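Participant: Protein chains in written order, with our numbering: chain A, -15 to 298; chain B, 5 to 387.
Right, I'll just put the structure down here and ask away after.
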């Protein structure tokens, strides 16, 4: 058993899954009849898409599940080659177990390129005799229509407060941790209904102390969200371009942030600056342009600098 | 430019390498009787100019494929096929010149070498390839079908004598001692030597004493950041390494430009970068024109008035710092990969929540054991 709680406390059966009741019921029905359509799971991170897929495989294939289940992560392997090679190779061979088909689980499908999605569509058709696909994504709008039309689409919602708290309480009991109502609240707030995040926050707190206090939680959280980006903006607004960009480079290197990470944060922080709202909108507009150029261009830092230069004039 | 004026028009005008040139000429003129239908030129300086000089001398057309073109199977096929089918309109024959044949990109130029292999034997026209390293494994098949011709470095004496000739012809007032220095400094490189002589002709002796890239780039920077002379900027920027220029400009722009000027100049640089990205993705090199223009003239004209005065331009340390950070991030990446394999989560997402994992790992030895970290990774976690 893994010591990483995300794994250690991952549900193994339908009954153990908290939240997403309706979806779980429907899927359970499919599995009982041993008849599964292609599935598309859409929804934010940490709400049970991967867990449910794993449960399906375990319930369908029993101990043998690993041989009948291919898990691929599209955000790490998102080219057309993956679809052409790995997926096809696995789909081509017959299932060995009692189940009449195998399952290919493609996580984070929204990061598959268009080419790859086109290739996937053909593969889904060609091998649908012996293979079922479960696709998961954050935004179903990024999945091409022909694929959506081949799947049953299920929309997952962030977990409700009760579900998250139940999970946290359960883990605290097992791990002999002390937690009070306020800290429970804090974990939920911080997680925003993302169970993976809740577990990770809890485990990092627990690695520091057996008593999970509110302060501890916020301490752990703040380590994860560099405040320094705001300092960069302040320097820029105060017309110190050179210092602002030195700070920017320092922050990016220290936390290993990509240009996109930074621009996302800048775009959020603009609203907290002490300037007129009209100017904020102008800056957001500039943000959008720079983010676009960043995607098109090759030097992220240069693009950020061109954004910072605009702040100096505010 | 002086180099262009002294570009060899005939083989006899080329200094040195007489044996190699003889072989080259023999190969092209007696092409129909040759068993091997291609040659590979390597070593020394002046391989390409020799080919052009020869072509000029015997009135041949040169069809050149160099590394700035995409050189995959289809493209090479197109170029070679179309030139094989058509006779040259005004010239007596054709030479197909393939530059940097050992530098084909494995990915983007896929199939190029294989195709070359198969066309060589059927070619109606002499194929001349140029290689830095003819012993490269990638071209071993090509090598066995080709004759190899080695170019030797020019000696100091050959360069020295030629420079003197140029000086006298151009009526430059440059001492023998200076010419000697140029010849020594440019070990074997006639083009570099003539360029140096060209600079000295402008009367600025200080440029020579220790002329390395820094001097060059300062000059270019000053021209772009302080001046507005469009023609001159275009001229120098063509001889400047754009990557390097971008870094230097980026670093020093805020020292000269303020406010609106800074915004406009960065806007230009940002657009240049967008085109750079497009070139890389589409391999469409014509976009280089825009990169060139935006970086040079675009930045220069972003200022209201010409500037003056001495500004100490600084070298950008960003690359160094990025490299250092990358080294330390590589451990973070390998750790994230191990975690993501255990947790049915992408590496990207794991990196997104990495701070939590770092806290856990730091305080929990068992976790590090489970993830099978190597010594360096453990050290990184505990840091």
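Ideal Cβ placement from N, Cα and C applies to all residues, glycine included.
No experiment lies behind these values; they were computed from the predicted model shown.
#1: So what's residue 195(B) in DSSP terms, helix, strand or just coil?
#2: Mind checking if residue 258(B) is an interface residue toward chain A, Cβ cutoff 8 angstroms exclusive?
#3: Under 7 angstroms Cβ-Cβ, which residues of chain A neighbour residue 347(B)?
#4: Can you tell me which of the three DSSP states residue 159(B) falls into?
#5: Okay, do the segment 28 to 41 of chain A and the segment 59 to 74 of chain A touch, 3+ Cβ pairs below 8 angstroms being the bar?
#6: Compare the C-beta of residue 293(B) with all C-beta atoms of chain A and state if any pair is closer than 8 angstroms.
#7: Can you tell me which of the three DSSP states residue 85(A) falls into?
#8: Can you list the residues of chain C that residue 181(A) reaches, using a CB-CB cut of under 7 angstroms?
#9: I think residue 41(B) touches residue 131(B), with their Cβ atoms under 8 angstroms apart; what is that distance to the nearest whole Å?
#10: Three or more C-beta pairs closer than 8 angstroms, one from the segment 22 to 33 of chain B and one from the segment 138 to 148 of chain B: is that the case here?
#11: I want to verify the contact list: residues of chain A whose CB lies under 7 angstroms from the CB of residue 229(B), in sequence order.
#12: For the candidate residues 43(A), 142(A), 89(A) and -10(A), whose alpha-carbon lies nearest to that of residue 31(A)?
#13: Under three-state DSSP, which class holds residue 25(A)?
#14: At which residues does the beta strand (DSSP E) containing residue 68(B) begin and terminate?
#15: Could you confirm whether any beta carbon from chain A is found closer than 8 angstroms to the beta carbon of residue 6(B)?
#16: Output the distance between the C-alpha atoms of residue 194(A) and residue 205(A), rounded to the nearest integer angstrom.
#17: Compare the beta carbon distance of residue 393(B) and residue 13(B) with 8 angstroms and say whether it is the shorter of the two.
#18: Less than 8 angstroms separating the beta-carbons of residue 257(A) and residue -11(A)?
#19: Hey, how far is the Cα of residue 279(A) from the Cα of residue 247(A)?
#20: In chain B, what lies closer than 7 angstroms to residue 330(A) by C-beta?
#21: Along the segment 215 to 228 of chain A, where does the CB come closer than 9 angstroms to a CB of chain B? Name the residues.
#22: What is the rounded straight-line gap between the Cα of residue 216(B) and the Cα of residue 249(A)?
#23: Alpha carbon to alpha carbon, how far is residue 17(B) from residue 155(B)? Give it in angstroms, no decimals.
#24: Following a CB-centred definition, is residue 177(A) positioned closer than 7 angstroms to any heavy atom of the ligand HEM?
#25: Quick check: the Cα distance between residue 100(A) and residue 354(B), rounded to an integer number of angstroms?
#26: Scan the segment 226 to 257 of chain A for residues whose Cβ lies nearer than 7 angstroms to a Cβ of chain B and list them as they occur along the chain.
#27: Rounded to whole angstroms, what is the Cα-Cα separation between residue 159(B) and residue 190(B)?
#28: What number of angstroms, rounded off, separates the C-alpha of residue 286(A) from the C-alpha of residue 273(B)?
#29: Could you give the distance in angstroms between the alpha-carbon of residue 229(A) and the alpha-carbon of residue 252(B)?
#30: Nearest chain A C-beta to residue 219(B) closer than 8 angstroms, yes or no?
#31: So what does DSSP say about residue 219(B), is it helix, strand or coil?
#32: When burial is assigned at 16 or more other CB atoms within 10 Å of the CB, is residue 4(A) buried or exposed?
#33: Kindly say whether residue 370(B), judged by its beta-carbon, lies nearer than 8 angstroms to any beta-carbon of chain A.
#34: Between residue 350(B) and chain A, is there a C-beta pair that is closer than 8 angstroms?
#35: Can you check which of these residues, 177(A), 272(A), 181(A) and 293(A), is closest to residue 222(A) by C-alpha distance?
#36: Which partner residues does residue 236(B) have in the DSSP bridge list?
Facilitator: Well, looking at it:
#1: helix
#2: yes
#3: -12, -10 and -9
#4: coil
#5: no
#6: no
#7: coil
#8: Structure shown: chain C not included; protein chains present are A and B.
#9: 7 angstroms
#10: no
#11: Within 7 angstroms Cβ-Cβ: nothing; residue 229(B) doesn't reach chain A, min ~15 angstroms.
#12: 142(A)
#13: strand
#14: 64 to 69
#15: no
#16: 17 angstroms
#17: Since the displayed chain B opens at 5 and closes at 387, residue 393(B) lies outside it and no answer follows.
#18: no
#19: 12 angstroms
#20: Given a span of -15 to 298 for chain A in the structure shown, any question on residue 330(A) remains unanswerable.
#21: 223, 225 and 226
#22: Residue placement at residue 216(B) is flagged as unreliable, the pLDDT there being 39, under the threshold of 50; the coordinate-derived value follows with that caveat. Cα to Cα, residue 216(B) sits roughly 42 angstroms from residue 249(A).
#23: 16 angstroms
#24: Of ligands this structure carries none, so the ligand HEM is not represented either.
#25: 24 angstroms
#26: 226, 233, 237 and 240
#27: 10 angstroms
#28: 8 angstroms
#29: 15 angstroms
#30: With a pLDDT of only 40 at residue 219(B), under the threshold of 50, the placement of this residue in the model should not be trusted; the figure read from the coordinates follows. No - not a single Cβ of chain A is within 8 angstroms of the one on residue 219(B).
#31: Confidence at residue 219(B) is low in this model, with a pLDDT of 40, below 50, so its placement is unreliable and the value that follows should be read with caution. Residue state, collapsed to three classes: helix.
#32: buried
#33: yes
#34: yes
#35: 293(A)
#36: None; residue 236(B) has no bridge partner.
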